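Here is the structure we will look at, set down as structure tokens.
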Amino acid sequence: MKLIMNGKDSNLEEGLTVSQLLVEQKVKMPEMVSVELNGKILKRSEFENTKLSEGDKVEFLYFMGGGNVSN
Amino acid sequence: MSLTEKQIERYSRHIILEEIGGIGQEKLLSSKVLIVGAGGLGSPAALYLAAAGVGTIGIIDADRVDLTNLQRQIIHHTSDVGLEKVKSAANKMLAINPDVSVKTYHRFAKADNIRDIIREYDFVIDGTDNFPAKFLINDACYFEKKPFSHAGILKFYGQLITVLPGKTACYRCIFNAPPPAGVVPSCSQAGVLGVLAGVIGSLQATEAIKYLLDLGKLLTNTLLTYDALAMDFRAVKLSRNPNCPLCGENAEITELKDEEQPVCDLKSCKC
Numbered sequence: 005m006k007l008i009m010n011g012k013d014s015n016l017e018e019g020l021t022v023s024q025l026l027v028e029q030k031v032k033m034p035e036m037v038s039v040e041l042n043g044k045i046l047k048r049s050e051f052e053n054t055k056l057s058e059g060d061k062v063e064f065l066y067f068m069g070g071g072n073v074s075n
Numbered sequence: 081m082s083l084t085e086k087q088i089e090r091y092s093r094h095i096i097l098e099e100i101g102g103i104g105q106e107k108l109l110s111s112k113v114l115i116v117g118a119g120g121l122g123s124p125a126a127l128y129l130a131a132a133g134v135g136t137i138g139i140i141d142a143d144r145v146d147l148t149n150l151q152r153q154i155i156h157h158t159s160d161v162g163l164e165k166v167k168s169a170a171n172k173m174l175a176i177n178p179d180v181s182v183k184t185y186h187r188f189a190k191a192d193n194i195r196d197i198i199r200e201y202d203f204v205i206d207g208t209d210n211f212p213a214k215f216l217i218n219d220a221c222y223f224e225k226k227p228f229s230h231a232g233i234l235k236f237y238g239q240l241i242t243v244l245p246g247k248t249a250c251y252r253c254i255f256n257a258p259p260p261a262g263v264v265p266s267c268s269q270a271g272v273l274g275v276l277a278g279v280i281g282s283l284q285a286t287e288a289i290k291y292l293l294d295l296g297k298l299l300t301n302t303l304l305t306y307d308a309l310a311m312d313f314r315a316v317k318l319s320r321n322p323n324c325p326l327c328g329e330n331a332e333i334t335e336l337k338d339e340e341q342p343v344c345d346l347k348s349c350k351c
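Sequences listed follow chains D and S, in order.
Going by the numbering used here, the first sequence opens with residue 5, and the numbers climb by one from there.
Going by the numbering used here, the second sequence opens with residue 81, and the numbers climb by one from there.
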């Protein structure tokens with residue numbers, strides 16, 4: 005299926021869930037990512053059961069601190 | 081307030097801008113901006129806002145200048161190592177522009193002090209480097225209804241968003257709560273290209289000036305992300321999140337609290 009990942013056209017396997025997409029995209033620390041699907045921020049508890057469909061717009065938004073991730 | 085001859089000369093490049101003019105410059109001179117963190121992001125923000133003639137600039141930071149800061153925190157010089165960051169920052173701002181009144185707060189921004197400080201200002205710049213502080217600023221600005229610019233930088237990437245609390249998407253609309261302990265990258269994995277702080281901190285100062293002068297379109301409901309390696313800026317559209325624990329329909333956060341610091345500390349980890 006075709007969808008738009010972080011602003012880029014991507015071709016992905018049919019029926020992926022958001023959790024699976026995070027794995028597929030090799031996101032090392034999914035806890036550091038918020039996911040926006042078609043303009044809405046998903047709850048973390050929804051990652052597992054939310055299936056992606058053709059034409060979806062997905063954004064991974066990363067937690068970013070400052071120059072030192074620790075203070 | 082009317083501008084002196086010296087001020088007309090100093091700010092001439094602002095004044096000749098039709099959108100600013102003498103009136104806009106006077107407005108800047110009577111404006112108050114608070115910068116939380118005199119570090120990588122706060123440095124360029126403070127320097128540009130002082131140069132621009134923002135009349136009152138508050139700066140909060142509990143740290144002292146360290147040699148490792150100088151790679152990116154351009155308001156501090158080698159001779160400032162060991163000095164309170166707020167003192168060092170104030171010295172430079174006043175050296176650039178004696179019109180500016182600088183208020184220094186040599187302390188950590190905490191739940192029990194930040195609201196009283198924020199209340200005195202028109203706009204807040206989040207130049208902090210840790211998640212508890214970022215959530216604290218977001219929440220405090222929400223309770224005090226103060227607009228602010230959030231920003232973060234890491235490695236070769238940066239992001240920023242302007243928040244008009246209660247009106248546009250806030251930090252918690254995107255990131256519900258600080259990441260859990262143990263998942264935040266360790267110090268050895270962190271690091272940042274110094275100039276990135278200059279790019280993003282300068283954008284924060286731009287947003288402050290636009291807000292103060294009611295110019296253009298603010299970066300609200302939009303997270304601007306910057307990838308220095310690809311030299312790519314992207315504006316990710318957002319909207320207020322009905323599930324936001326702070327400004328959503330069933331908000332659970334009703335008072336200001338300090339979030340836990342879920343990461344290793346610099347004392348035990350030199351990075």
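Virtual Cβ for every residue (Gly too), placed ideally from N, Cα, C.
Nothing here was measured: the structure is a model prediction, and the numbers come from that model.
Return the CA-CA distance between residue i and residue j, expressed in angstroms with no decimal places.
i	j	result
residue 214(S)	residue 230(S)	8 Å
residue 32(D)	residue 48(D)	16 Å
residue 111(S)	residue 302(S)	25 Å
residue 21(D)	residue 60(D)	12 Å
residue 267(S)	residue 168(S)	Note that residue 267(S) scores a pLDDT of 47, beneath 50, so its modelled location is shaky; the value from the coordinates is reported in the next line. Answer to the nearest angstrom: the Cα atoms are 26 Å apart.
residue 152(S)	residue 55(D)	42 Å
residue 203(S)	residue 246(S)	15 Å
residue 336(S)	residue 158(S)	37 Å
residue 7(D)	residue 46(D)	17 Å
residue 141(S)	residue 162(S)	14 Å
residue 28(D)	residue 41(D)	16 Å
residue 358(S)	residue 92(S)	Here chain S covers residues 81 to 351 and nothing more, so residue 358(S) does not appear.
residue 243(S)	residue 283(S)	14 Å
residue 353(S)	residue 150(S)	With chain S covering 81 to 351 only, the question about residue 353(S) has no answer from this structure.
residue 57(D)	residue 321(S)	22 Å
residue 287(S)	residue 278(S)	14 Å
residue 37(D)	residue 293(S)	34 Å
residue 210(S)	residue 280(S)	16 Å
residue 132(S)	residue 339(S)	34 Å
residue 291(S)	residue 135(S)	15 Å
residue 5(D)	residue 330(S)	36 Å
residue 10(D)	residue 122(S)	28 Å
residue 73(D)	residue 89(S)	Only weak support exists for where residue 73(D) lies, its pLDDT of 39 falling under 50; the value from the coordinates is given anyway. So the two alpha carbons sit approximately 42 Å from each other.
residue 256(S)	residue 324(S)	7 Å
residue 295(S)	residue 94(S)	13 Å
residue 170(S)	residue 258(S)	31 Å
residue 154(S)	residue 164(S)	15 Å
residue 194(S)	residue 217(S)	8 Å
residue 299(S)	residue 206(S)	14 Å
residue 143(S)	residue 13(D)	45 Å
residue 350(S)	residue 115(S)	Because the pLDDT of residue 350(S) is 36, which lies under 50, any placement of that residue in the model is unreliable, and the number read from its coordinates should be weighed accordingly. When rounded, the distance between both Cα atoms is 26 Å.
residue 236(S)	residue 309(S)	6 Å
Using the beta-carbon of each residue, which ones in chain S are nearer than 9 Å to residue i?
i	result
residue 65(D)	239, 254, 255, 303, 305, 316 and 318
Residue i lies in the alpha helix (DSSP H); which residues open and close that run?
i	result
residue 254(S)	251–254
residue 86(S)	85–90
residue 308(S)	Per DSSP, residue 308(S) belongs to no alpha helix (DSSP H) and is neither H nor E.
residue 278(S)	274–293
residue 123(S)	122–132
residue 168(S)	165–176
residue 196(S)	194–198
Determine the extent of the beta strand (DSSP E) in which residue i is found, giving its start and end residues.
i	result
residue 237(S)	237–243
residue 317(S)	312–317
residue 181(S)	181–185
residue 111(S)	Where residue 111(S) is concerned, there is no enclosing beta strand (DSSP E), given that its DSSP letter is neither H nor E.
residue 137(S)	136–140
residue 209(S)	Note, residue 209(S): premise wrong, no beta strand (DSSP E); not H, not E.
residue 7(D)	6–9
residue 230(S)	228–234
residue 13(D)	12–15
For residue i, which residues in chain D fall below 9 Å Cβ to Cβ?
i	result
residue 259(S)	33, 35, 36 and 67
Can you pull the chain S residues whose beta carbon is under 7 Å from the beta carbon of residue i, in chain order?
i	result
residue 11(D)	314
**Request:** Could you run through the stretch 307–323 of chain S and flag, in chain order, every residue whose CB is less than 8 Å away from some CB of chain D?
**Result:** 314, 316, 317, 318, 319, 321 and 323
**Message:** Residues of the stretch 35–54 of chain D in Cβ contact with chain S at a cutoff of 9 Å, in chain order, please.
**Reply:** 35, 36, 38, 40, 43, 44, 45, 47 and 48
**Asked** Unbroken beta strand (DSSP E) runs of length 3 or more, entirely within the stretch 18–63 of chain D: which are they?
**Response** 37–41
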